[in-house]
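Novice: Protein sequences, first through last, are from chains B and U. Using my numbering, the letters of the first sequence map in sequence onto residues 211 to 673. Using my numbering, the letters of the second sequence map in sequence onto residues 83 to 1119.
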Amino acid sequence: MKKINYNIFILGLALLSLSSCVNSLLDKKPISSFSAESFYKNQDQAKAGVYGIYNSLQSTMHTNFSFWGEGRADNVKTKHAGEPTFLLNNTLTASISSADWTNLYTTISRANYAIKNIPGVFSEGDATGNQLVGQAKAIRALSYFYLVRIWGDVPLILEPYTQAGQDIFVSRTNSELVLDQVEADLKFAVVNCVEKFNSTNDRIMFNKGSANALLVQVYMWRKKYTEAIAAADLVISNPLYSLAVDMVAWGKMFSDSYSNESIFEVGYNETQTNGLRVLYAIGSDSHYTPSLNFMASFEAGDLRRAYIYDVTQADPKAIWKYLGKGVSDQIATTSKQNIILIRLADIMMLKAEALNKMGGTTNVTNALKLLEPIRKRAGITPNLLTEAQAISMYGSVENAILHERSIELCYEGHRWFDLVRTGKAISTMGPINGLSNAKNLIWPISTTTIDKNPNITQNEFYR
Amino acid sequence: MNYFNLNKQKLLISFCICIIFSISQAFTNSAVAQTSQNVTVSGIVTDENNVPVMGVNVVAIGEKKACITDSKGFFTIQVAKNRILAFSCLGYKTKELSVTELSSGKVILQEDASLLDELVVVGYGTKRKRDLTGSIASINSKELENSPIKDVMTAMQGKVAGVQILSSDGAPGSSIQIRVRGASSLNSGNTPLYVVDGIPIETTTTSLLNVDDEHGLSPLAFLSPGDIESIEVLKDAASSSIYGSRAANGVVLITTKRGKEGRAKISVNTSYGVSNITRRLSVLNSKQWREFIIEGYRNYDTHMGLTKETAISNTVVDSLCPLNAGDEDWQSLMYNAAYEKQFGINIAGGTKNMRYSLSTSYLDQEGIIRNSKYKRFTSRANTEYDATDYIKVGTNVSYTRSTNDRISAGGMGNRSMVVALLTRPPTYALSYPDGSYLGYLNGKRNPIALAEECLHLNTSNRVNANEYIEISFTDWLKFKSSLSIDFEAMKEDEFFPTTVDYRVGYNTGAVRVAEYFTWANENYFTYNQSFGNHHVGGLLGFSQQEWKTDVTGLNGLTFASDDIRTLNGAGTISGQEVNVAYGHALASFFGRFSYDYKGKYLFEANLRADGSSRFGKNNKFGYFPSASAAWRFSDEKWFKPFKFVNDAKLRLSIGQTGNEAIDNYTSQGTFLTGKNYLTNPGVAPYQMPNADLSWETTTQYNLGLDLSFFYGRLDFIFDAYIKNTSDLLYDVPMPNTTGFASVINNVGEIQNKGLEFSVNTKNFVKEFKWSTNFNISFNSNKVLSLPKNVLVNGYIQNGSFHILKEGEPVGTFFGYKYKGIYAYDTDNANQLKHLTSTGKVFKGGDVIWEDIDKNGYIDQNDRTIIGNAQPLFTGGLTNEFSYKNFSLNLFLQFCYGNDIYNNVDYYRNSIFSYNNVSTEFYYNAWRKQGDITEYPKVVRNDPMQNEARVQSRWVEDGSYLKVKTLTFAYDFPRKMIEKIKLQNLRLYVSGSNLLTFTNYSGYDPDVNTLSSSLRQGVDYGSYPQSRTFMFGLNIGF
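As structure tokens, then:
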């Protein structure tokens, strides 16, 4: 037997005793991300959570704002096989990308997390907390508003998914109930959002004004004209918003973003880019160019034409609105312009529509008056249409307003929803692509959705 | 044959050897001749138990004299007084005795059970091969030295039963995929655990900038093959469960060389080689290509019923434009002879108290694709010191630096080269009239310009250090503790100059820096004691290991000049600014108990408890038990008559192992940062927490049989196994209304079962030596169950070519069944239509598709299983011959029964986007009614999808037999080199990948472009394999 220094034995035991720190060794928290337990613990995280919702909105609107709002309507034409052709020819299938609502529900999920968790890190009634929740609710409302307009009845989910065992196979909710929730969320936002951020954030995040403006769009969709007018008045009188003063400013509103006319736009920059370039201005391959009908529908002398598309060519290859007058495919500019979802001219014309719907000479006159500054800026005469002129030119005052919207708001993602909202989609698109069935006005539900949820059935027209 | 007095036993042995090998034993010894100066020596040779040994060769060294002992062990020989006699016999150690030493007349030979007594490295220790109860395969340094290999993983290819090596590509320094007994995981990787000198090492250090090529770098690149003493593969659960949650894919133990007591031995190895592509594939020249494209245009007009001919693009017909006036053979331009050199030096030795082994090596290897090359420098010091008579301390340190100029070869990205070489129109000019490369034309980048002008450089520095102390408290109780670190700093630089981009002035660059740091601490007691015939062993230990990774990177674009390629030259730093860190930890307790009685009945049990930071909080610890038993029935009394069987052992084992390769934080749920809104930092939920998340569990049963015949002349190892893996980690899709795409869950089950045979024979053992090693393994893989809610139409589609379906193996190809080409329009009697019931009718020259659902048209419901990537069996055959100083080693490798989806063939047989095509298509395309051919008519844009469908036409038999290496070596005679103070001097020439017998039509059947095991067996244009000739020199001082 060798002579052993028993200290060695103790050393060995000491090494084995390292095992006592197992728990701390195994307790590894993420370094470059948060675990479910470690997030929504303080006010900075609450803000970061809200920015994360806008981040999803960026992805949602990236290209789809145009597929949804313009792709099925009469202002565009396309040479691009695939999605643009399917939409324009009314041959929608469940596998096209714009039929996929994933991004909208991802946005809603992030908003639900924020709405549920933010109150916990602020003291009750805290204004900062409330305005953050207000923003989250406004974005949630915006998302559901798109969902209803595109798919009709959709699942209404107001709680975040945080653990296994929650009901994941949800069914659809009646679209009117969904819109009730949209209104409720927006009303909360109107009350709790900030009056203004005093920065460019006023254009790209929800404040009272933009929440109100979105409410106008929702009321108009629901044909609640009185409410629409009241909300629109709040927007129009809001000192944050004023019309772009001239055509140069009008052009910059899209190419430079953050104008005073803008009420809510989705922000993009050099690195967080969008699909505008692919949609509108990438040479021979651009998704959309102006349709012949659209080019022919301008009134004489309309100064906007040269800002909207490449007027140097008989068959324009590019839409210049957004990317900027004279944009060339040869220059590798990034697609970084903000996508404007709501602006003052839109709200003014919606109010005009509402007034017209209310009827009565005063209302109709006031409606046409709302168009005046817009027509004046575009250099069209007469600036102020009389009811008789409107009727003689467009058949009705409503049509005159819609036409003005069609030119003024072209390619901003309004046209299709305007046609559906005013019941003119079939009469307008029927001659172009044979659209004839009211059940065809909503999109099919993506196969990726149906395959994963047995409780969701395809929309009737697409079965 | 002048010697016939063999007794029965010898006859039997000879007879059997004759039958088995069809070789007759040669005994060339002469017992005659004597002179007057000689003395007569006689005696009896016995074994250690005093039993006479007959048939012993007694040779007088330096004289042509020999005799053989008779049945009583008696011999007599007349030799010169000062001679030395050598006694040799199969199964015994050779003994050399001088005449004076033989005065007693008694010679005792020791049994040479060297093969069986050989120590095999096992988890936390070593074991005699004869005592193994599990299934372990080993490769020793001798086998490694005999093949001109550059990395450790290729060394295993074809050498070990049950281990399948899938070469992903032939690029220098690239990774190789290893499957031990089949793929047992869907998503969590099938890479075995690598343990170097007892320390589990990091193997996830793959490339960070893989744009088009899925493959990374070899994780074992830091080891020079010259430093390897042995490689052991722990295959069954009994052997590997001591590594618990990381052992489900098998464990590979690598031991590096150590010094031995004695004077310093210096060995120098150097080699030079040249490689060339093994084969080229046919392409059209400019004239043929133009004709064929135009044919495609005209067929298109006919198909569409156009009366006016479609105008042909200028790129096709305008042969005067300098951009289209070429007649290039892109393969010749790209593939060149690649040179390589290797140099290594090792100094090893030791004193009574200290042993050392120091080595350094350098490898400089070019690839056969222009501008791809790999350089590696390694340095290693292994030292051990006996501090006292009961304390040993030691350290193993290695440093490796490698630089890898990489090429994007595989895939269909616009930077991928191999498909581009085969499909780029020959008319496209290589360069402009001014000599600069034509970079981009009609959506195609110039592959030569990509290779020559782009940068994709990977630089890695890795340090692996391990310090240990071993305390022997008594003869039977030891304690060992080690601390090791493994650190790798990897940097990747990428640059694409303006010349290869379609946009004017548009160049891009990227840089990534990653640090991988691992520390591990292992502490364990080992116990070994014998009580008479009872041997008891034990192991008890604790280990902890922690991994940390930190990645930093930037992307840049619009650099001021193509000459400044570092990111400071970028006009814009773009999107992908990266800086992330992550880590994980493992803490484990493990133990072993072993018992054997007389080495006849052996038993062993292992248990490991692994706690991993990756597991859900409800499943923090996993327990992995195993038990095994063996019965050496050759030691039983009733076995005595079977003298020709020296050793026979039956093994049985059962055990569980795990796969803990889950993402580090998945179980905790994730909120991701970087979900920013402009400059406002945003965070968003990304993964739901799953507190129950745990490892994948593999339960394995193994039955083995080891037989050794004729004193080690014939060894036979057989294993049969069943390996069931359950709780597979799968990303179960969630309805998108949840806001999450999926949640990782433990679902599903896979089974692998198989047979392994391995035979080692020594056919000739005299002056002419011939030994053979043969192994073959059969594995059958089957998906037993999948989560129901992820199945669409009863299966899961993985990528374009594969599905996952219950009852089918992983790697099943799914597509349309090609049945030939309609010779006449009227051959389509059923008026089968394209895509819909109102689609176009298939005509003469279109593909005949199998209408699976019999609905009269061919749509995606007509897809079916068209092949699978799993081989029926794989294996290798090594033959080694030597005569005097010459030796020859021939290694054949084979693989049978697997299919390859040859997607390159699709591109080579489709004029889609003006592709160049194979000459087979050009000559054999259907052209007129009645043409009987296998190639459809060529139609521009492929309107009937004759080519574009994923189809059985591109599924090929991937079976092959390869002459993998042939090495011819000459050892200079000792006498000659002793004069120049050398111990040994060896010269060899060697060829690798010399011949391939296969029906596969691509570059090489040993191909696997996509790294995911779910998408095995696709040839997507990988970097081709090459044939290498080498010349080398080993010098020992």
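For every residue, glycine included, the Cβ atom is placed at its ideal position computed from N, Cα and C.
Could you name each continuous beta strand (DSSP E) segment of 3 residues or more that falls completely within the region 560 to 613 of chain U, going from the start of the chain to the end?
Specialist: The qualifying runs are 590 to 613.
Novice: Rounding to the nearest angstrom, what Cα-Cα distance links Ile557 of chain B and Asn252 of chain B in this structure?
Specialist: Going by the C-alpha atoms only, they are around 37 Å apart.
Novice: Which of the three DSSP states, helix, strand or coil, is assigned to Asn396 of chain U?
Specialist: Reduced to three states, the DSSP call for Asn396 of chain U is helix.
Novice: Give the secondary structure of Trp629 of chain U by DSSP, where H, G and I count as helix, E and B as strand, and everything else as coil.
Specialist: Note: Trp629 of chain U maps to strand in three-state DSSP.
Novice: Based on DSSP bridge pairs, tell me the residues matched to Phe1113 of chain U.
Specialist: DSSP output for Phe1113 of chain U lists U:Tyr354 and U:Val1071 as bridge partner(s).
Novice: In three-state terms, what does DSSP make of Gln116 of chain U?
Specialist: Residue confidence is low: Gln116 of chain U scores 40 on pLDDT, short of 50, so the model does not pin down where it sits. Its coordinate-derived value is still stated next. It is coil, neither helix nor strand.
Novice: Exposed or buried, which one is Lys870 of chain U when buried takes at least 16 other CB atoms within 10 Å?
Specialist: By the neighbour-count rule (16 or more Cβ atoms within 10 Å), Lys870 of chain U is not buried but exposed.
Novice: Quick check: the region 384 to 393 of chain U against the region 451 to 468 of chain U, are at least 3 beta-carbon pairs closer than 8 Å?
Specialist: Not touching, per the Cβ criterion.
Novice: Taking 8 Å as the CB-CB cut-off, is Met211 of chain B touching chain U?
Specialist: For Met211 of chain B, the predicted model reports a pLDDT of 42, less than 50, meaning its position is unreliable; a value from the coordinates is still stated below. Taking Cβ atoms only, chain U reaches closer than 8 Å to Met211 of chain B, which makes this a yes.
Novice: For Gly155 of chain U and Cys171 of chain U, I'd like the C-alpha separation in whole angstroms.
Specialist: Distance between the alpha carbons of Gly155 of chain U and Cys171 of chain U: 12 Å.
Novice: Tell me whether Glu471 of chain B sits in a helix, a strand or coil according to DSSP, three-state version.
Specialist: Coil, per DSSP.
Novice: For chain U, is any of its Cβ atoms less than 8 Å away from the one on Glu373 of chain B?
Specialist: In the sequence under discussion, the amino acid at residue 373 of chain B is Gln, which differs from the Glu named in the question. Chain U, which has a Cβ nearer than 8 Å to the Cβ of Gln373 of chain B, makes this yes.
Novice: Starting from the N-terminal side, write out each stretch of the beta strand (DSSP E) that is 3 residues or longer and does not extend beyond the region 425 to 468 of chain U.
Specialist: Whole beta strand (DSSP E) segments, 3+ residues: 436 to 448 and 455 to 468.
Novice: Compile a chain-ordered list of the residues in the region 366 to 390 of chain U whose CB is closer than 7 Å to at least one CB of chain B.
Specialist: Within the region 366 to 390 of chain U, no residue has a Cβ that lies closer than 7 Å to any Cβ of chain B.
Novice: Kindly give me the distance between the Cβ atoms of Ser465 of chain B and Gly534 of chain B, rounded to whole angstroms, as I take these residues to be in contact under 8 Å.
Specialist: Yes, they are in contact, since the Cβ atoms of Ser465 of chain B and Gly534 of chain B sit about 4 Å apart, within 8 Å.
Novice: Can you name, in chain order, every residue of its own chain whose Cβ lies under 6 Å from the Cβ of Phe675 of chain U, other than the five neighbours on each side?
Specialist: So the list reads Gly620 and Ala687, once near-sequence residues are dropped.
Novice: In chain U, which residues lie with their C-beta within 8 Å of the C-beta of Glu247 of chain B?
Specialist: Near Glu247 of chain B (Cβ distances below 8 Å), the residues of chain U are Gln750, Gly751 and Pro771.
Novice: Sort U:Asn701, U:Ser919, U:Met416 and U:Ala502 by Cα distance to Lys936 of chain U and report the nearest one.
Specialist: Lys936 of chain U has its Cα closest to that of U:Ser919, out of U:Asn701, U:Ser919, U:Met416 and U:Ala502.
Novice: Contact between the region 741 to 760 of chain U and the region 268 to 277 of chain U is defined here as three or more beta-carbon pairs at a separation below 8 Å; is this criterion met?
Specialist: Yes, since at least three Cβ pairs between the region 741 to 760 of chain U and the region 268 to 277 of chain U fall closer than 8 Å, the two stretches touch.
Novice: Flag Gly344 of chain B as yes if its beta-carbon sits less than 8 Å from any beta-carbon of chain U, otherwise no.
Specialist: For Gly344 of chain B, the answer is no, since every Cβ of chain U falls outside 8 Å of its Cβ.
Novice: Roughly how many whole angstroms lie between the Cα atoms of Val350 of chain U and Tyr705 of chain U?
Specialist: Val350 of chain U and Tyr705 of chain U: Cα-Cα distance of roughly 47 Å.
Novice: Does any residue of chain U have a CB that is nearer than 8 Å to the CB of Tyr621 of chain B?
Specialist: For Tyr621 of chain B, the answer is no, since every Cβ of chain U falls outside 8 Å of its Cβ.
Novice: How about Asn880 of chain U and Leu873 of chain U: are their beta carbons less than 8 Å apart?
Specialist: Against a cut-off of 8 Å, the Cβ pair of Leu873 of chain U and Asn880 of chain U comes out as no contact.
Novice: Taking 8 Å as the CB-CB limit, is Val727 of chain U close to chain B?
Specialist: Taking Cβ atoms only, chain B never reaches closer than 8 Å to Val727 of chain U, which makes this a no.
Novice: Do Ile360 of chain B and Ile652 of chain B count as a contact pair if the criterion is CB distance below 8 Å?
Specialist: Yes.
Novice: With a threshold of 8 Å between beta-carbons, can Lys662 of chain B be considered close to chain U, or not?
Specialist: True, the Cβ-Cβ gap to chain U drops below 8 Å.
Novice: On the DSSP bridge list, what partners appear for Tyr783 of chain U?
Specialist: In the DSSP output, where bridge partners are listed per residue, Tyr783 of chain U has U:Ile736 and U:Ile804.
Novice: If you measure between the beta carbons of Ser452 of chain B and Leu554 of chain B, is that distance less than 8 Å?
Specialist: Contact: yes.
Novice: Please report the residue range of the alpha helix (DSSP H) in which Val829 of chain U lies.
Specialist: No alpha helix (DSSP H) contains Val829 of chain U, which DSSP labels as neither H nor E.
Novice: Hey, quick one: how far does the alpha helix (DSSP H) through Ala598 of chain B stretch, first residue to last?
Specialist: Glu597 to Tyr604 is the span of the alpha helix (DSSP H), which, as asked, contains Ala598 of chain B.
Novice: Leaving out five residues before and five after Asn1023 of chain U in sequence, what residues of the same chain have Cβ atoms less than 8 Å from its Cβ?
Specialist: The residues are Tyr382 and Phe994.
Novice: Using a Cβ cut-off of 8 Å (strictly closer), state whether Asn669 of chain B contacts chain U.
Specialist: No, Asn669 of chain B lies away from the interface with chain U (no Cβ there is under 8 Å from its Cβ).
Novice: Please identify the residue among U:Leu1076, U:Tyr1085 and U:Ala667 whose C-alpha is closest to the C-alpha of Ser357 of chain U.
Specialist: The shortest Cα separation from Ser357 of chain U among U:Leu1076, U:Tyr1085 and U:Ala667 belongs to U:Leu1076.
Novice: Go through its chain and collect everything with a Cβ distance to Asp412 of chain B's Cβ below 7 Å, but skip five positions before and after it.
Specialist: Contacts found: Lys406 and Leu450.
Novice: Please return the same chain residues whose Cβ sits closer than 7 Å to the Cβ of Pro365 of chain B, not counting the five positions on each side in sequence.
Specialist: Around Pro365 of chain B: Val380, Ser381, Arg382 and Thr383.
Novice: Starting from the C-beta of Thr654 of chain U, find all residues in its chain whose C-beta is less than 6 Å away, skip the five residues before and the five after it, and write them out in chain order.
Specialist: Closer than 6 Å at the Cβ level, and outside the excluded window around Thr654 of chain U, lie Leu639 and Thr640.
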